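Take 144 as the starting number for the sequence shown in this note's numbering and just add one per residue. Some notes on the structure that comes next.
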Amino acid sequence: MNEIPLKQIIDASLENLKKIVSVDTVIGTPITLPNDTTVVPVSKVSVGFTSAGADYGSKVNPAKDRFGGGNAGGVSVTPVGFLVISGGNVQLLCVNKNGGAISDGNGSVIGAITDFIDRSPDLFERFKAVFGKKDKSAKKSDEE
């Protein structure tokens, strides 16, 4: 088997997967709030990869080797929860698999949500600013 083309396929695929999955994907960028609370998103990353190649001879020229190869890869990022650091205390607010609700670990979903919102009133605005789409007026000012 001609190992060079297969090695090139694998190297190119793994290099591109490295660009997608990094430490920042698992432990997100910390968000510091005005009330000295820091929120850090935590995710689970699953990566799958496969590659195959084959050499086959030509019917016209049996001495000439031909190579066929391919690969596939996939990445899945699943939110796990948020680390909330406030006043010297660290708390993990988990994303519950049953409906995606946030739990404080004691099963109190509503208590965890209200406590989380009370400690970080502008968190949702910051998430919208980071992940949301620009409004039309912002796009127009960017174009000018």
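Quick reminder that beta carbons are idealized off the backbone N, C-alpha and C, glycines included. The structure presented is a predicted model; accordingly, all values stated were derived computationally and were not measured.
### Task
Under the assumption that residue 174 contacts residue 182 (Cβ atoms under 8 Å), give the Cβ distance between them as a whole number of angstroms.
5 Å
### Query
Okay, do the region 151 to 162 and the region 221 to 238 touch, 3+ Cβ pairs below 8 Å being the bar?
no
### Query
Can you name the residues that DSSP bridges to residue 187?
221
### Query
Taking just the CA atoms, how far does residue 212 sit from residue 155?
13 Å
### Helix, strand or coil at residue 238 according to DSSP, with G and I counted as helix
strand
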